[in-house]
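Peer 1: All residue numbers for the sequence shown refer to the working numbering, where the first residue is 717 and numbers rise by one.
Just passing along the structure, written as structure tokens.
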Amino acid sequence: MKKILLYCLCFGSFLGVNAQLQSLNVPISFEKENQQNQQLNKGVSSCVNDTVDYTFAKTTSIRALNINSNSARALSQYFNAPQNITVHGATFYAYKINTTGGTSITVNVSLYLAGADSLPIGSALATGSVVVDTSFGGGSLAVLEKNVNFSSPVTVNQPYIIVIENTTANGMGLVVNDYTLANGANEWLAGINLGGTWTRPYDITVGGVLFNADVLVSPHVSYDLIADFTPNRTIFNSIPDTIFFTDNSSLILKDRMYNQAAYQAVTEFSYTYDFGDGSAPVNAIDTNHIFAATQSYSVTLTDTIYGWRTNCFAQETKLIQPPTPANLVITEIMYNGPEAGTDTTEFIEIYNNDANPVDINNYTILGVTYTFPSVTLNPGEFYVIAVNSGAFNNVFGFMPNGVFTGGLNNGGEAITLIDAFGNTVDSVFYRDVAPWPLGSTSGLPDGGGSSLILCDVNADNNDGNNWNACLTQTGVIINGNEVLASPGVANSCCVNTSSVQNASICSGSSYTYLDGTTANNITADVSYVSTIPNAGGCDSLVTENITVISIADQTVVAAETVLCATNSGTTITLGSSEIATNYYLRDDADDSIVDGPIEGNGSDLTFDSGNLSSTTTFNVVAEKIVLDAVDLPSNQDFIRFQTPYTAYANAITVEAWIYNPNGQFPWAGQSSEAVDNMTTNVWMWHAGTFYVNDNGNWKSLNWPVLPAGWVHVATTADATGMHVYYNGIEVASNTTGITSTIQNNSSSIIDLGHDVRFPSGTPGRNSNLGFDNFRVWNLARSAGEISANYNNCLSGSETGLVQYTRFNDGVGTTISSLVGSNAVLFNETSNWMVGSGTCSPLICSTEMSQMVTVTVLPALVGVDNTTICATGSVVINGTIYDASNSTGIEVFTNVGANGCDSTVTVALNVLAAVDVTVDNSLMPILSANQVGATYQWVDCDNGNAPISGEMGQTFTATANGNYAVEVTVGGCTETSSCEAVTGVGVKEVANNTVSIYPNPTNGMVNINLGSNNSVVDYIISSIEGKVIETGKTSSNIITVDLSNESKGVYFIKINTENTSTVYKLIKQ
717 MKKILLYCLC FGSFLGVNAQ LQSLNVPISF EKENQQNQQL NKGVSSCVND TVDYTFAKTT
777 SIRALNINSN SARALSQYFN APQNITVHGA TFYAYKINTT GGTSITVNVS LYLAGADSLP
837 IGSALATGSV VVDTSFGGGS LAVLEKNVNF SSPVTVNQPY IIVIENTTAN GMGLVVNDYT
897 LANGANEWLA GINLGGTWTR PYDITVGGVL FNADVLVSPH VSYDLIADFT PNRTIFNSIP
957 DTIFFTDNSS LILKDRMYNQ AAYQAVTEFS YTYDFGDGSA PVNAIDTNHI FAATQSYSVT
1017 LTDTIYGWRT NCFAQETKLI QPPTPANLVI TEIMYNGPEA GTDTTEFIEI YNNDANPVDI
1077 NNYTILGVTY TFPSVTLNPG EFYVIAVNSG AFNNVFGFMP NGVFTGGLNN GGEAITLIDA
1137 FGNTVDSVFY RDVAPWPLGS TSGLPDGGGS SLILCDVNAD NNDGNNWNAC LTQTGVIING
1197 NEVLASPGVA NSCCVNTSSV QNASICSGSS YTYLDGTTAN NITADVSYVS TIPNAGGCDS
1257 LVTENITVIS IADQTVVAAE TVLCATNSGT TITLGSSEIA TNYYLRDDAD DSIVDGPIEG
1317 NGSDLTFDSG NLSSTTTFNV VAEKIVLDAV DLPSNQDFIR FQTPYTAYAN AITVEAWIYN
1377 PNGQFPWAGQ SSEAVDNMTT NVWMWHAGTF YVNDNGNWKS LNWPVLPAGW VHVATTADAT
1437 GMHVYYNGIE VASNTTGITS TIQNNSSSII DLGHDVRFPS GTPGRNSNLG FDNFRVWNLA
1497 RSAGEISANY NNCLSGSETG LVQYTRFNDG VGTTISSLVG SNAVLFNETS NWMVGSGTCS
1557 PLICSTEMSQ MVTVTVLPAL VGVDNTTICA TGSVVINGTI YDASNSTGIE VFTNVGANGC
1617 DSTVTVALNV LAAVDVTVDN SLMPILSANQ VGATYQWVDC DNGNAPISGE MGQTFTATAN
1677 GNYAVEVTVG GCTETSSCEA VTGVGVKEVA NNTVSIYPNP TNGMVNINLG SNNSVVDYII
1737 SSIEGKVIET GKTSSNIITV DLSNESKGVY FIKINTENTS TVYKLIKQ
């Protein structure tokens, strides 16, 4: 249900607390004429900010509405955005209706995007504020005008809304157009915010009248004005010619909110075409025009936007012009045949040397009279006109394309080809004087049967030096002279051609030039011109540039020339080195490689001799490989063949070795430079697809993923289909064969590493790969032929081989071809590289004249077998050796004059240990236990002083004390521990109490104890301590039998209760 809005006609009052929207009945002057530029005049300034007074344009009278937070708190106004529009702020008209709450309020102005029903959506994109006071000025808009500038202008490209909002309860009179007069034109572009809800104006009535009104708000905007138009063609088809023009200018020109011309329904006034031919300008959005004269025209479109306060304009000019004269060339003239005055064999041959087909309708020939019919001459095609079609047919076996009237002057004249626009396409002034071919004898052009032929279709055909007398035989004899001419086919000229071949050889080598001459021992670069005779008496002059590869001799020095056998080796230094050269250290005995290769760096190199066991002589050899492939690392790099083969039939093979480090497919192809159409394209390697132009239609075959590294790619096409081979193995094929003939283009070139159809460096039209052994054949090689030869170096004489480039030059930017066109390497970032190895690269080697010998001395070795006692030791090279550490290896460093090391093996002879134990069981008799030794008893209490005469194994102490024995065995003397003897001594037989007899004895011994009357113990022992006999007796006589004992000293020890006495007994 529509809301009913009350309004009051009382000035400055707010009546009715239930009213939601109030009209303020106050007089406001409508100063519309002062706000807008009503005149549709051409802009005279560049585009600047405009204030869009569209709501003013719709208004015939205005009113003020009371806007406050208690009723309608905000009004909005919709605006289009046909393109990028930058909104800087807005102008509106308002006043505070009374002084309640003060004389002023702050009002917000915001920009929103427009949603459904032209109401604001989302958040504000920009907001500004302005103070509105009670100034009324009698209702003058100039006084009521309020301006808001956004701190950050907003650019929009879709419809937007300007919102004016009073958030206070104090009333603001906001000026709108008069809704009672339907000034809104039923566009319903305004919106009303009632209690926080946006409502469309057609849902609201004021006093029973729909709120069909607009807010008088004018956005401040700026925008780009671009003039643009498209002619349906820029080259005339004919004269006169009608060209149609379609507008592409900025859309804002057609928007009635921004362009007053559009608002007034005369949008075409914003578009003015000046056709540049003096005709009156035309106001139209899209139009056409008839151009009557053969000339170029600058057509200018001026776009003017008639803004509400500011006009601005933009211009665009495009050139409409006649076509550039086609590249048609007069290539053969028969001006004085051999028929003696009748001249019935006269003809003129015209060749299409253009990259495009040429419509020769209404072309004319001056010099003779002929107008060409409606014929399209394709690139590479001929058109022949003759004076007598029958005579021409009799001689050449086919009818000419046309017949001219008039005759060719035997002394020479100008023949001029004029196109349908009156442009001179080609003009030749032939003569019968030098430098033109001349003479009337047989085989010459002035009556001798020969025509004049242009040898190079790209040469100046007004220069007689570029013409020859034709040698092509027809077999037709007239007046004794054979007709020599070739109408309708390519001319075969006897031309002394010049070309360049580059080669590299090792210094001191021999070289055989193309003319068979051999030069020996070449040590410096040389250029030689070979003259190669050809059929017809023409010569080919080949300049052979021979580059000599030499490697400088360098010094060779060893860090050490004398080595001890135990050293690991030494280093050998080469005095200097060369870039791109490998160096090897070799054993001179058999030239085996010891170290290397080490790549030269322009400075010295150091080699490692390794461990040496014998004297060795070393040499150093250098190898330089002549690079035989081209790397194309930059997007600007490519290889170009300027004059490749252009006479394919219906079969082709293209092959090359490709170095693929990065997963790319190679780009290569044959076409006209930077031209892409089906009359110029021949074949393409196009990013993994092989294309062949089958008389205007591409035939294609995709490749599989290209393996990494060097890989041979061969592509073939003929009537049976297309094939792709990798390394001699078929990887793809189809049966889409060549059904007609391969498109030939005599002005085509071949590029490797770049799409020839586009300018160098065009993004996505190049490949950063290496190329080697490039071959093109005018036949389809079989799978067997490709497999058998892909890895072979060819001679160049193989049937069907029309382009063969091995890339053996190694340096520079000129690349020689064994067959076909030479090539040029473009852009300095290209690098020569080691190739695929198909044609073995030239390797030059030089052995340095200086050799170095490293002498290895014999090893210094020895053995130390020193004998030591069991308790002894010896110090060898700082190491202590004894019985527990008797073996080892000792290295004596820096021994002798050469400072070598000596190795000594230690193996000591350790004698057996000496027994220094003493038997004291017959005290005071001490007996050394070691037998077979030398003895010396010593007095421990006297500083181990030797006891005179006591050098036996047994010692009888005669006095109490401490005694030891020095035992010597095999030179080792050891001393026993000291033995203590106390209270006893050794008694002689002189004691009267005891008598021993006989003493010495031979066996039986009697021992008389005298007046003994008690029991005694006795012990008889040898000097070694062996007990012979023991016993007890109370008798006075003891008899002992020593008959079975050995001679020597024996001891008799008699123990009584109070004494112990030892007596000496000698057996003899």
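We put the CB at the ideal spot given by N, CA and C, even for glycine.
A quick note: this is a predicted structure, and the numbers were derived from the prediction, not measured.
Between the Cα of T1571 and those of A1586, N1614 and C1555, spot the shortest distance and give me the residue it belongs to.
Peer 2: Per the Cα distances, N1614.
Peer 1: Does the stretch 1463–1481 touch the stretch 1428–1437, meaning 3 or more C-beta pairs lie closer than 8 Å?
Peer 2: Judged by Cβ distances under 8 Å, the stretch 1428–1437 makes no contact with the stretch 1463–1481, as fewer than three pairs qualify.
Peer 1: For a test of the three-state rule: what should DSSP assign to E984, helix, strand or coil?
Peer 2: Correct three-state label for E984: helix.
Peer 1: Cβ atoms of D940 and S965: under 7 Å apart, would you say?
Peer 2: Against a cut-off of 7 Å, the Cβ pair of D940 and S965 comes out as no contact.
Peer 1: Does the stretch 778–788 come close enough to the stretch 878–896 that 3 or more CB-CB pairs lie under 8 Å?
Peer 2: Yes, since at least three Cβ pairs between the stretch 878–896 and the stretch 778–788 fall closer than 8 Å, the two stretches touch.
Peer 1: In terms of residue numbering, what span does the alpha helix (DSSP H) encompassing V879 cover?
Peer 2: Per DSSP, V879 belongs to no alpha helix (DSSP H); it is in the beta strand (DSSP E), Y876 to E881.
Peer 1: What's the C-alpha gap between G759 and T1026?
Peer 2: At G759 the pLDDT is 37, less than 50, meaning the model places this residue with poor confidence; the figure from the coordinates comes in the next sentence. Those two C-alpha atoms are separated by around 8 Å.
Peer 1: Is it right to say T1772 is buried, meaning 16 or more other beta carbons lie within 10 angstroms of its own, or is it exposed?
Peer 2: Exposed: under 16 other Cβ atoms inside 10 Å.
Peer 1: Smallest Cα separation from M1567: which of L1290, G854, F1114 and T1247?
Peer 2: The residue with the shortest Cα to Cα distance from M1567 is L1290.
Peer 1: Decide yes or no for the touch test of the stretch 907–924 against the stretch 985–1002: beta carbon pairs closer than 8 Å, at least 3 of them.
Peer 2: At 8 Å Cβ cutoff, the stretches do not touch.
Peer 1: What's the call for N1715, buried or exposed, on a 16-neighbour Cβ count within 10 Å?
Peer 2: That one is buried.
Peer 1: Under 7 Å between the Cβ atoms of N1335 and R1302?
Peer 2: Yes, they are a contact pair.
Peer 1: Run through DSSP, which three-state label would Y723 get?
Peer 2: Note that Y723 has pLDDT 28, beneath the 50 cutoff, so the model's placement of it is unreliable and no number is given.
Peer 1: Taking just the CA atoms, how far does N1094 sit from V1074?
Peer 2: Taking the straight line joining both Cα atoms gives about 6 Å.
Peer 1: I'd like the span of the beta strand (DSSP E) that includes Q1789, first residue to last.
Peer 2: The first residue shown for the chain is 717 and the last is 1784, placing residue 1789 beyond what the model contains.
Peer 1: For E1745, write down the residues that DSSP places opposite it in a beta bridge.
Peer 2: Per DSSP, I1736.
Peer 1: Within its chain, find whatever has a CB closer than 8 Å to the CB of V1634; leave out the 5 residues flanking it on each side and keep chain order.
Peer 2: Taken in chain order, the residues that qualify are L1642, S1643, A1644, N1645, A1680, V1681, S1692, S1693 and E1695.
Peer 1: From N796 to K970, what distance separates their C-alpha atoms?
Peer 2: Using only the alpha carbons, I get a separation of about 11 Å.
Peer 1: In the DSSP assignment, find the beta strand (DSSP E) that holds A1000 and state where it starts and stops.
Peer 2: From DSSP, A1000 is part of no beta strand (DSSP E); its letter is neither H nor E.
Peer 1: Using a Cβ-Cβ cutoff of less than 6 Å, which residues in the same chain neighbour K748 once the five nearest sequence positions on both sides are dropped?
Peer 2: A caution first: K748 carries a pLDDT of 45, below 50, which makes its placement in the model unreliable, though a value can still be read off. Excluding residues within five positions, the ones whose Cβ falls inside 6 Å are F772.
Peer 1: With DSSP as the reference, please indicate the residues paired to N1625 in a beta bridge.
Peer 2: N1625 is bridged to T1583.
Peer 1: Could you work out which residue in Y1779, Y1441 and T1359 is closest to N704 when comparing CA atoms only?
Peer 2: With the chain running from 717 to 1784 in the structure shown, residue 704 is simply not present.
Peer 1: Taking the C-alpha atoms as reference points, what is the distance between Y723 and F927?
Peer 2: For Y723, the predicted structure reports a pLDDT of 28, less than 50, and the residue's modelled location is therefore unreliable. A value from the coordinates is still provided. Each residue's Cα considered, the two are about 12 Å apart.
Peer 1: Going along the chain, which residues of its own chain have a beta-carbon closer than 6 Å to the beta-carbon of G992, five neighbours each way excluded?
Peer 2: Cβ within range, chain order: Y1013, S1014 and V1015.
Peer 1: When DSSP labels each residue in this structure, what does T771 get in the three-state scheme?
Peer 2: It is helical.
Peer 1: Which term fits G1122, buried or exposed, when burial requires 16 or more other beta carbons within 10 angstroms of its beta carbon?
Peer 2: Classification for G1122: exposed.
Peer 1: Sorry if obvious, but does the Cβ on W1183 come closer than 6 Å to a heavy atom of the ligand ADP?
Peer 2: What this structure holds is no ligand at all, so the ligand ADP is not there to describe.
Peer 1: Please list the segments of the alpha helix (DSSP H) lying wholly inside the stretch 1512–1595, counting only runs of 4 or more residues, in order along the chain.
Peer 2: The qualifying runs do not exist here; there are none.
Peer 1: Going straight from the alpha carbon of G1726 to that of N1718, what length do you get?
Peer 2: The straight-line gap from Cα to Cα measures roughly 23 Å.
Peer 1: With a Cβ-Cβ cutoff of 7 Å, do V879 and A981 count as a contact?
Peer 2: Cβ distance not < 7 Å, so V879 and A981 don't count as in contact.
Peer 1: Leaving out five residues before and five after A1136 in sequence, what residues of the same chain have Cβ atoms less than 7 Å from its Cβ?
Peer 2: S954, N1077, N1078 and Y1079.
Peer 1: My assumption, with CB atoms under 8 Å, is that F1354 sits in contact with G1469. Please give the rounded CB distance.
Peer 2: So it is a contact: roughly 4 Å between Cβ atoms.
Peer 1: Who are the Cβ neighbours of E1032 in its own chain at under 6 Å, not counting the five residues just before and after it?
Peer 2: These residues qualify, in order along the chain: A943, D944 and L1017.
Peer 1: Quick check: C1555 and K1340, are their CB atoms within less than 7 Å of each other?
Peer 2: Taking 7 Å as the Cβ cut-off, C1555 and K1340 do not qualify as a contacting pair.
Peer 1: Run through DSSP, which three-state label would I1335 get?
Peer 2: Note that residue 1335 corresponds to Asn in the displayed sequence, not to Ile. Looking at N1335 - three-state DSSP - the assignment turns out to be strand.
Peer 1: Leaving out five residues on either side along the sequence, give the residues of the same chain with a beta carbon under 7 Å from the beta carbon of C1656.
Peer 2: If we look at C1656 and ignore the five residues flanking it on each side, its Cβ neighbours are N1678, Y1679, A1680 and C1694.
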